[in-house]
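In what follows, a single structure is set out as structure tokens and then discussed.
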Amino acid sequence: MDGSPSPSPTMQTTTLNRSWLIKSGIISAVFLGFGLWGLYDALVVYPDRGVRSADFLKYQYLQAVQTSLDSGVAMLPESVSVPDPGAELERLSKLEPASMRPRDAAKLRWLEAVSYVGDLRPESTTISDPRAALENLTQSWTGQSPPKPLTKWDIPVQWLIMALGTAGGLYGAGLILRVWRQRYRFDPGAKALTLPDGSTLRLEDIEDFDRRKWDKFLMFVRVKPGHSPHGGKELRLDLLRHVPLESWVVEMEHTLFPDRKEADDDGGEGESTPGGVGPESGKVVGDAGGGG
């Protein structure tokens, strides 16, 4: 032996916890799936149903107009068309339902249906040939079940589902990417932990290890004032998302506080894995915050 210090073992690096990654990936995919589902409903399913509903209610409106006319009196374009659908919808909406004529009630339902699909334009409410329109609609809807009418909030709710689902999915994907980019490194010989920001914690830099949220896979490390740049701070280490970070931190704690190792070895309350199901076990318990 020449008395020279032995070289430190190879520096070790954390990886993502596979169980956490799979769970988070599934949750993100589910959120994105809901977002795409909401988008499809908002752009295709509900508008198509709304257009069909408006077409059926137009049919009912023309029937009501025809019924209100005396026998032999033909429907005229000016009597059934709505040149200003927005103003007419507002006018009819203010009337008491009990005082409305059947043709006006039918017109109101038709205009509401047209407005729900965003097509409240004179071109859509002008009927140049009422008789031909009624004949075509009668042929189309005879024997057919009427579609369920849309409500005012049906399509907006689908957009909300799309927004929330997409936001949740993107947040989850962003979280996975952010955690994936974080790396902890450990020198087993020197018992030194390098944080994602590049700073290093050695045993002499640490004042205490706090397991107050051990059940959430969190370890809080109180750093002595002389350390740069974390002097006087309490750092939160996420033991769930990064493996084998838990083993390294527990090893540092046991080296600095041998009595705690004895307590852990005796199976006391301070066991080295929360409830005996640590991150390396593949089991996921609780929620964990961001790393150091």
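If you read the sequence shown in the numbering used here, its first letter stands for residue 1483, the second for the next number, and so on.
Just so it is clear, CB atoms sit at the ideal spot from N, CA and C, and this is done for glycine as well.
{"Query": "Using 8 Å as the threshold, is the segment 1654-1665 in touch with the segment 1496-1508, meaning 3 or more CB pairs across them?", "Result": "yes"}
{"Query": "Given that a residue counts as buried once 16 or more other Cβ atoms are within 10 Å of its Cβ, and exposed if not, what is K1576?", "Result": "exposed"}
{"Query": "Can you find the residues in the same chain that come closer than 6 Å, C-beta to C-beta, to R1585, ignoring five residues on each side of it along the sequence?", "Result": "A1546, V1547 and S1550"}
{"Query": "Helix, strand or coil for F1702, going by three-state DSSP, please let me know.", "Result": "strand"}
{"Query": "Check whether the Cβ atoms of F1699 and E1716 sit closer than 8 Å, and answer yes or no.", "Result": "no"}
{"Query": "Assign G1625 to one of two classes, buried (16 or more other C-beta atoms within 10 Å of its C-beta) or exposed (fewer than that).", "Result": "exposed"}
{"Query": "Excluding the 5 residues preceding and the 5 following K1673 in the sequence, name in chain order all residues of the same chain whose CB lies nearer than 6 Å to its CB.", "Result": "L1685, M1734 and T1737"}
{"Query": "From the DSSP output, in three-state form, read off V1759 for me.", "Result": "Confidence at V1759 is low in this model, with a pLDDT of 37, below 50, so the placement of that residue should be treated as unreliable; the coordinate-derived value is given next. If DSSP states are grouped into helix, strand and coil, V1759 belongs with coil."}
{"Query": "Identify whether H1709 lies in helix, strand or coil by the three-state DSSP scheme.", "Result": "coil"}
{"Query": "Sort I1508, S1510, G1517 and Q1494 by Cα distance to T1648 and report the nearest one.", "Result": "G1517"}
{"Query": "Are the segment 1529-1541 and the segment 1560-1575 touching, with three or more C-beta to C-beta distances below 8 Å?", "Result": "no"}
{"Query": "Taking only the alpha-carbon atoms, compute the straight-line gap between G1764 and N1499 and give it to the nearest angstrom.", "Result": "Confidence is the limiting factor: at G1764 the pLDDT is only 36, short of 50, which leaves the residue's position unreliable, though a coordinate-based value still follows. Cα to Cα, G1764 sits roughly 8 Å from N1499."}
{"Query": "Hey, S1563 and I1637 are a contact pair by Cβ (cut 8 Å); roughly how many whole angstroms apart?", "Result": "About 26 Å separates the two Cβ atoms, so there is no contact after all."}
{"Query": "Anyone know if the C-beta pair for R1531 and L1602 falls short of 8 Å?", "Result": "no"}
{"Query": "Between S1557 and the rest of its own chain, which residues show a CB-CB distance below 8 Å, the 5 nearest in sequence each way excluded?", "Result": "For clarity, residue 1557 is Met in the given sequence; the question names Ser instead. The answer, listed in chain order, is L1544, V1547, Q1548, L1551, P1612, R1613 and L1616."}
{"Query": "Helix, strand or coil: which one does DSSP assign to A1674?", "Result": "strand"}
{"Query": "Three-state secondary structure (DSSP) at V1564?", "Result": "coil"}
{"Query": "Tell me whether A1511 is buried or exposed, calling it buried when 16 or more other Cβ atoms sit within 10 Å of its Cβ.", "Result": "exposed"}
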